[in-house]
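Visitor: Residue numbers (UniProt numbering): 1 to 768.
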Ligand code: NOJ
């Protein structure tokens with residue numbers, strides 16, 4: 001379905017304008033008990049509420065300015081406004097800016113019977129107005145401190161515009177690059193994904209939710225969303241328990257353990273049951289096994305979507321299924337506010353179920369401090385001073401540089417010489433100030449990113465010429481519109497080829513427009529979109545000194561470039577400071593240190609392709625000895641670039657992998673040490689990675705699993721010993737007994753610079 005902007009109906013706007021003129025801070029109309037414990041404060045509100053008001057807390061409406069899902073029906077604004085006044089709304093999403101937030105909060109606080117404040121949610125995925133790299137790019141930094149800092153910046157800026165809740169982080173482990181939303185997560189690994197989930201939750205929520213610079217985080221999409229069949233968004237998901245427990249759940253569990261206060265369920269069905277109506281996921285695992293006491297919000301309209309799934313006959317039954325399965329808040333289906341009261345009267349939903357959901361939401365509102373000051377986040381002066389401030393720009397530049405991955409560097413083409421060079425820059429993306437913001441940039445202004453061309457021009461010693469070559473996207477490129485790929489227009493090729501001929505170096509910025517990945521943007525071909533591959537080859541024919549800067553939201557299939565182009569940089573969609581970050585890396589002012597968080601396949605037909613695969617009964621890596629092996633007859637099994645891969649301008653040498661012992665038990669541990677030496681000529685950072693393999697187990701285990709990493713910085717000729725510890729926890733997994741435990745047996749440990757470049761040793765574990 002096409003999505004479009006909807007204009008608020010005029011009386012709604014007029015009302016808001018009148019209300020927002022008043023700056024007076026007003027306390028809730030009913031003086032709720034100031035009891036000491038959180039639970040007794042929640043009780044004090046619950047006691048006052050009618051069933052309808054409790055249900056109102058479970059209702060979330062879109063704010064009508066921007067939409068992030070299929071268009072709601074026209075004419076709903078009046079009904080929503082009415083519901084708001086009656087206390088039948090607990091939260092709103094997509095309301096932007098203090099003025100509008102305050103206006104709506106005033107209605108909730110001053111015009112409803114109880115004056116319970118609203119939650120304001122928004123997709124602050126990688127920044128509000130100041131945009132950080134897309135989450136997949138940030139994951140490539142493997143720098144948890146920088147990732148946390150990026151979430152802190154996003155939280156501070158979002159809170160300054162009146163928001164108190166972000167629908168992030170997305171912690172879906174993703175193995176299929178056709179799925180457009182891989183850009184929004186941390187890639188394919190549950191261990192790295194878990195650590196990043198924690199960093200992001202801590203960054204958004206801080207240590208005090210009442211503080212002015214923190215907001216609620218939301219672990220999403222629970223669960224299995226990234227495992228959509230054939231990588232097509234919203235498609236069916238069918239995965240077994242071992243994959244669920246060992247691969248999909250860990251980052252969610254880590255987020256829950258880190259104290260994330262909200263979860264979002266997902267659009268997909270999981271093994272025949274839509275996640276929104278899935279009580280195994282929401283009641284048994286999340287609220288049961290993991291003891292989560294925050295609340296679960298549905299995804300946009302996902303309660304009503306259970307009708308199309310073939311799981312509910314109408315909206316009323318969908319509401320019944322969803323609430324009973326543990327979905328606490330209804331985002332934009334209106335099913336709860338319409339039907340829950342009747343369902344309670346009919347005995348299909350217990351009042352205790354409504355109470356539990358309402359309590360969860362009120363608890364979080366208390367934790368945010370909204371009952372003490374519903375306008376905590378509503379200060380227009382502070383908003384003005386805070387949004388886009390210089391410290392944010394420095395922060396997002398820092399993480400942008402750290403997110404860049406050097407994929408290839410032959411002939412020492414990089415770093416670029418700072419003077420005397422004729423540099424020709426080719427590619428529409430090089431001159432694009434919107435695309436680097438990615439697809440989740442609902443609040444950022446068009447053209448607010450630093451383009452690569454602008455970044456390069458800050459280095460004045462070289463002569464820079466720009467030629468577009470070809471468009472990447474055609475048609476409209478506003479946030480909600482589909483962006484088409486240019487597959488035909490090659491009219492700019494000739495000019496690009498002529499310009500390239502005389503250059504010392506050609507920098508080609510190619511890849512996906514920011515709106516060609518993200519929600520609803522699955523692709524069946526994941527090479528350079530459209531005519532760009534042809535442009536690359538044509539330019540390379542006349543000048544071999546090509547530096548390819550990839551800008552993309554997912555792994556791309558670039559086997560030809562990997563074989564032919566001498567220097568390749570993975571420059572993702574890096575946000576507001578994109579062009580500065582890439583230029584600083586190209587010129588060597590920052591030595592690239594990123595490592596891929598997702599495998600880059602050779603061919604889309606290999607997908608899903610990931611490093612932690614199972615061996616099969618007929619394993620093969622490269623050329624099989626005969627036909628009867630697990631392989632393709634037209635392509636290798638290996639990727640172009642593996643998980644964990646990334647180069648530096650310097651070189652690191654690994655040696656002397658040692659174990660303190662080759663056996664351990666439940667009470668002991670092994671130290672694994674390795675020496676890493678900088679044998680190149682630049683100082684640089686390296687992410688030293690540790691993997692294990694459990695050789696024989698009650699459920700087959702992957703050929704490699706990341707279990708540790710450390711980032712070190714070395715000067716030329718400097719050598720460091722890096723020490724990891726392996727203990728019982730390291731080898732635990734969800735066994736055939738249906739629980740997380742360790743099993744006796746033989747293991748391999750691997751340490752190296754990527755999942756495919758490691759030293760290895762053996763060890764044995766015995767529980768006793
Ligand atoms: C749908 C997306 O799946 C979800 O991630 C997002 O938070 C909501 N829309 C709200 O925009």
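Yeah, the Cβ is synthetic: ideal placement off N, Cα and C, and Gly gets one too.
Keep in mind that this is a model prediction, so the values were computed, not measured.
1) Within a Cβ cutoff of 8 Å, which residues of the same chain sit near residue 85, ignoring the five residues on either side of it in sequence?
2) Express the C-alpha separation of residue 163 and residue 520 in angstroms, rounding to a whole number.
3) Within a Cβ cutoff of 7 Å, which residues of the same chain sit near residue 434, ignoring the five residues on either side of it in sequence?
4) Got a sec: does the ligand NOJ put a non-hydrogen atom nearer than 8 Å to the Cβ of residue 221?
5) Suppose only complete runs of 3+ residues qualify. What are the beta strand (DSSP E) ranges in the segment 395 to 451, listed by chain order?
6) In whole angstroms, what separates the C-alpha of residue 399 from that of residue 134?
7) Output needed for residue 159: all residues of its chain with C-beta closer than 8 Å, excluding positions within five of it in sequence on either side, in chain order.
8) With 16 other CB atoms within 10 Å as the buried threshold, where does residue 715 fall?
9) Can you give me the Cβ contacts of residue 532 inside the same chain, cut-off strictly under 7 Å, excluding the 5 residues immediately before and after it?
10) Looking at the structure shown, is residue 565 part of a helix, part of a strand, or coil, going by DSSP?
11) Which value, in whole angstroms, describes the spacing of the CA atoms of residue 24 and residue 358?
12) Please determine, among 397, 189 and 157, the residue with the shortest C-alpha to C-alpha distance to residue 384.
13) Between the segment 166 to 184 and the segment 384 to 394, can you find at least three pairs of beta-carbon atoms closer than 8 Å?
14) May I ask you to check if the CB of residue 266 is nearer than 8 Å to at least one heavy atom of the ligand NOJ?
15) On the criterion of 16 or more Cβ atoms from any shown chain inside 10 Å, does residue 411 qualify as buried, or is it exposed?
16) Mind checking residue 495: buried by the 16 CB within 10 Å criterion, or exposed?
17) Tell me the DSSP secondary structure of residue 693 in three-state form.
18) Which residue comes first and which comes last in the alpha helix (DSSP H) that contains residue 655?
19) Given residue 635, which residues of its chain have a CB within under 8 Å of its CB, disregarding the five upstream and five downstream residues?
20) Rounded to whole angstroms, what's the CA-CA distance from residue 774 to residue 315? Just pull it up for me.
21) Please report how far the alpha carbon of residue 103 lies from the alpha carbon of residue 575, in whole angstroms.
22) Rounded to a whole number of angstroms, what is the C-alpha to C-alpha distance between residue 21 and residue 348?
23) Roughly how many angstroms separate the alpha carbons of residue 202 and residue 530, rounded to a whole number?
24) Give a yes or no on whether the C-beta atoms belonging to residue 566 and residue 600 are separated by under 9 Å.
25) By a C-beta neighbour count over all protein chains shown, 10 Å radius and 16 as the cutoff for buried, is residue 633 buried or exposed?
26) Should residue 571 and residue 183 be called a contact, given that it needs their Cβ atoms to be closer than 9 Å?
27) Out of 46, 154 and 63, point me to the one whose CA is closest to residue 393's CA.
28) Alpha carbon to alpha carbon, what distance is there between residue 62 and residue 122?
29) In this structure, how does DSSP classify residue 329 when only helix, strand and coil are distinguished?
30) For residue 161, tell me which candidate among 130, 598 and 355 has the shortest Cα-Cα distance.
31) For residue 372, write down the residues that DSSP places opposite it in a beta bridge.
32) By how many angstroms is the C-alpha of residue 697 removed from the C-alpha of residue 301?
33) Whole angstroms is fine: what's the gap from residue 247's alpha carbon to residue 705's?
34) What are the boundary residues of the beta strand (DSSP E) that residue 746 is part of?
35) For the candidate residues 352, 165, 549 and 252, whose alpha-carbon lies nearest to that of residue 219?
36) Starting from residue 731 and walking both ways along the alpha helix (DSSP H), at which residues does that stretch end?
Guide: Checking against the coordinates, here is how it stands:
1) 107, 111 and 112
2) 25 Å
3) 446, 447, 449, 477 and 514
4) Yes, Cβ of residue 221 sits closer than 8 Å to a heavy atom of the ligand NOJ.
5) 405 to 409 and 422 to 426
6) 10 Å
7) 212, 213, 214, 215 and 377
8) Around the beta carbon of residue 715, fewer than 16 other beta carbons lie within 10 angstroms, which makes this residue exposed.
9) 470, 472 and 510
10) coil
11) Unreliable placement is indicated for residue 24, whose pLDDT of 39 sits below 50; no coordinate value is reported for it.
12) For the options 397, 189 and 157, the alpha carbon positioned closest to that of residue 384 is the one of 157.
13) Contact between the segment 384 to 394 and the segment 166 to 184 is not established, with fewer than three Cβ pairs separated by less than 8 Å.
14) yes
15) exposed
16) With fewer than 16 other Cβ atoms within 10 Å, it is exposed.
17) strand
18) Here residue 655 belongs to no alpha helix (DSSP H); instead the beta strand (DSSP E) covers 652 to 659.
19) 602, 603, 605 and 606
20) Outside the displayed range of the chain (1 to 768) lies residue 774, so it cannot be described from this structure.
21) 31 Å
22) At residue 21, the pLDDT of 33 sits below 50, so the modelled position is not reliable and the matter cannot be decided from this model.
23) 40 Å
24) no
25) Answer is exposed; the Cβ neighbour count stays below 16.
26) It is not a contact, given that the beta carbons lie outside the stated cut-off.
27) 154
28) 10 Å
29) In this structure, residue 329 counts as strand in the three-state DSSP scheme.
30) 130
31) According to DSSP, residue 372 bridges with nothing at all.
32) Between residue 301 and residue 697, the C-alpha separation is close to 42 Å.
33) 10 Å
34) 745 to 754
35) 252
36) 728 to 731
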